[in-house]
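Notes follow once the structure below has been shown.
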Amino acid sequence: MGILELDIPPIELHASTQCDIRSVEKAKFLSDVGFSQIVLARELNLEQIRAIYQATDATIEFFIHGALCVAYSGQCYISHAQTGRSANRGDCSQACRLPYTLKDDRGRVVSYEKHLLSMKDNDQTANLGALIDAGVRSFKIEGRYKDMSYVKNITAHYRQMLDAIIEERGDLARASAGRTEHFFIPSTDKTFHRGSTDYFVNARKGDIGAFDSPKFIGLPVGEVLTVAKDYLDVEVSEPLANGDGLNVLIKRDVVGFRANTVEKTGQNRYRVWPNEMPPDLRKVRPHHPLNRNLDHNWQQALSKTSSERRVAVDIELGGWQEQLILTLISEEGVSVTHTLEGQFEEANNGEKALSNLQDGLAKLGQTLYYPREIQINLPGAPFVPNSQLNAFRREAVEMLDDARLASYQRGARKPVAEPAPVYPQTHLSFLANVYNHKAREFYQRYGVQLIDAAYEAHEEKGDVPVMITKHCLRFAFNLCPKQAKGNIKSWKATPMQLVNGDEVLTLKFDCRPCEMHVIGRIKNHILKMPLPGSIVGSVTPEELMKTLPKRNNA
1 MGILELDIPP IELHASTQCD IRSVEKAKFL SDVGFSQIVL ARELNLEQIR
51 AIYQATDATI EFFIHGALCV AYSGQCYISH AQTGRSANRG DCSQACRLPY
101 TLKDDRGRVV SYEKHLLSMK DNDQTANLGA LIDAGVRSFK IEGRYKDMSY
151 VKNITAHYRQ MLDAIIEERG DLARASAGRT EHFFIPSTDK TFHRGSTDYF
201 VNARKGDIGA FDSPKFIGLP VGEVLTVAKD YLDVEVSEPL ANGDGLNVLI
251 KRDVVGFRAN TVEKTGQNRY RVWPNEMPPD LRKVRPHHPL NRNLDHNWQQ
301 ALSKTSSERR VAVDIELGGW QEQLILTLIS EEGVSVTHTL EGQFEEANNG
351 EKALSNLQDG LAKLGQTLYY PREIQINLPG APFVPNSQLN AFRREAVEML
401 DDARLASYQR GARKPVAEPA PVYPQTHLSF LANVYNHKAR EFYQRYGVQL
451 IDAAYEAHEE KGDVPVMITK HCLRFAFNLC PKQAKGNIKS WKATPMQLVN
501 GDEVLTLKFD CRPCEMHVIG RIKNHILKMP LPGSIVGSVT PEELMKTLPK
551 RNNA
């Protein structure tokens, strides 16, 4: 928030999901201080989203696909506490993907060595219409560290889903110009995911965790029949290809390999020679399930031109023998008019001349436009050399490019509301992430009286919530007091423990908002490190080495 205290260009401001926007009060405050668009917390349900939409004039943005942070965004410090790498600075160490043993308050093991903080991936395909009705107007896809095929596949999937909804409903329109044509069939199952969940959009559900593995195992494709020294025989439901990525699950461990060569040996049967035979593969017994997490032929299709986005344009040609007038009108309503002076005689073959004009004006293949309608309003059929017609069309298209760019309405920073808004709280704990003096000045300006330093300032040295999450392990293992039958008062959400090696984290449960607090403390060696963002902390090892005195080897 300190950025708002700086002298920045008057550009439109968007509030990231790291701002932890969960309440109507906070959303309205951010809108009132000048944010035009706000990214809501992933944990909200449809009613909460709708309430925020109705209370603010900011555009609502919401995550609809991709990896889920188990903690509220902006409220996770476990990475910094354990490694010094801050998730709030985009450098998360992914402690949530590690295996943990869960113990109850008596030390009894509830679950052994499972990935208990690892969530399935977000997939709101089935909820797009409902999210639109709740007020969402910008749909966000998580794509950090994802490869090109993932980006192409997932964006194509949601583009087609949204296009279908817009086509079906008369109350909706695209926020941007153009239509996209895809040259492949998108499938969310074929690129990386850890299983799918719609999280809390339709209230709490039990099956949101990817506890067995944080890896991508792909789709079931068949079963292993036999394993030999350097090959295996399989029976499959779909054809295999050289280069496919295959895997089996052995005691929750993913044993994967790349198919160097595949050979069809019968109906639905293949012999597969891996690039390298995994030793654990020999533990597999006949009819063990086989998965494919890399479809080589499908990936090859994605590596080529896989889509094309083009803008519709209406073309009108008028005038007559001494001057031709060409008008282009884009689908947004931007129009340009270009003239061609000359002496254009009546063509000997009028029908052919008009056909040539029609074809020449339609040649927009190397541009971002496609002809939606072409009208030729001429009293006759002039002869226009192809070279002149092509140059005439190209010049008009360039004019349209410039006109569309000039007409684009760039968002400007919203003025602060009058009277000035007041922040919903007067005391901010370290959870507010106030790290620098500019951020402190911002909150003081809007009525906050007591401000604790951010966790990264290393002033919180004891046990604190290093992660706050809507994911509840009591609920996941049917140990929630709200799930209990009989005398609910006899059930208490007593603390539990997560254990990974020497790391022991305490779990405390706040049942009123249905939250789990992961309690830990910052490691001593982290306290000795330079603070994030400090001058010392920004020096690389290479730069540091240059400052050391050179040894005299003589």
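Numbered per UniProt numbering, the sequence shown spans residues 1 to 554.
Note that CB positions come from ideal geometry on N, CA and C, so glycine has one too.
Keep in mind the model is a prediction, meaning the values are calculated, not measured.
- As DSSP reads the structure, D123 sits in a beta bridge with H65.
- Under the Cβ criterion (8 Å, minimum of three pairs), the region 55 to 62 does not count as touching the region 78 to 86.
- Where R440 is concerned, the enclosing alpha helix (DSSP H) starts and stops at 437 to 445.
- Beyond the five residues adjoining it in sequence on each side, R159 comes within less than 7 Å, by CB distance, of T180 in the same chain, given in chain order.
- Restricting attention to Y423, L117, F183, the CA atom closest to the CA of V518 is found in L117.
- Y72 sits in a strand when the DSSP states are folded into three classes.
- Inclusion of D295 and R271 in the CB contact set at 8 Å is not warranted, their separation being larger than that value.
- Take K264, set aside five residues on each side of it, and the residues of its chain with a beta-carbon closer than 7 Å to its own are Y270, in chain order.
- R285 sits in coil when the DSSP states are folded into three classes, being neither helix nor strand.
- About 6 Å separates the beta carbons of A95 and S79, which is inside the 8 Å limit, making them a contact pair.
- Between the region 473 to 480 and the region 455 to 462, the count of C-beta pairs closer than 8 Å stays below three; the two stretches do not touch.
- Between the region 29 to 45 and the region 198 to 208, the count of Cβ pairs shorter than 8 Å is three or higher; the stretches touch.
- The alpha-carbon separation between L479 and G34 amounts to approximately 44 Å.
- Distances from the CA of E235 to each of A241, E223, A228, D244 were compared; the closest alpha carbon is that of E223.
- Taking C-alpha positions only, D105 is separated from S31 by approximately 44 Å.
- Here DSSP, grouped into helix, strand and coil, assigns T367 to coil.
- Residue environment analysis places L450 among the exposed positions, since fewer than 16 neighbouring C-beta atoms fall within 10 angstroms of its C-beta.
- Listed in chain order, the non-local C-beta contacts of I165 below 8 Å within the same chain comprise L128, G129, I132, L172, local neighbours out to five positions each way being set aside.
- By the CB criterion at 8 Å, V255 and L281 fall inside the cutoff.
- Each residue's CA atom was taken as its position, placing N260 and N275 some 5 Å apart.
- In this structure, the beta-carbon distance from W298 to K190 falls below 8 Å.
- Straight-line spacing of the CA atoms in S330 and H157 works out to 26 Å.
- Taking 8 Å as the upper bound for CB-CB distance, P513 and T506 are not in contact here, some 19 Å apart.
- Q82 places its beta carbon 8 Å or farther from that of S73.
- Just measuring C-alpha positions, the residue of S335, L326, H182 sitting nearest D402 is S335.
- V201 carries a coil assignment under DSSP once its states are collapsed to helix, strand and coil.
- Ranked by Cα distance from V39, the options S138, L354, P532, E5 are led by S138.
- C-alpha of A241 to C-alpha of R292: approximately 11 Å in a straight line.
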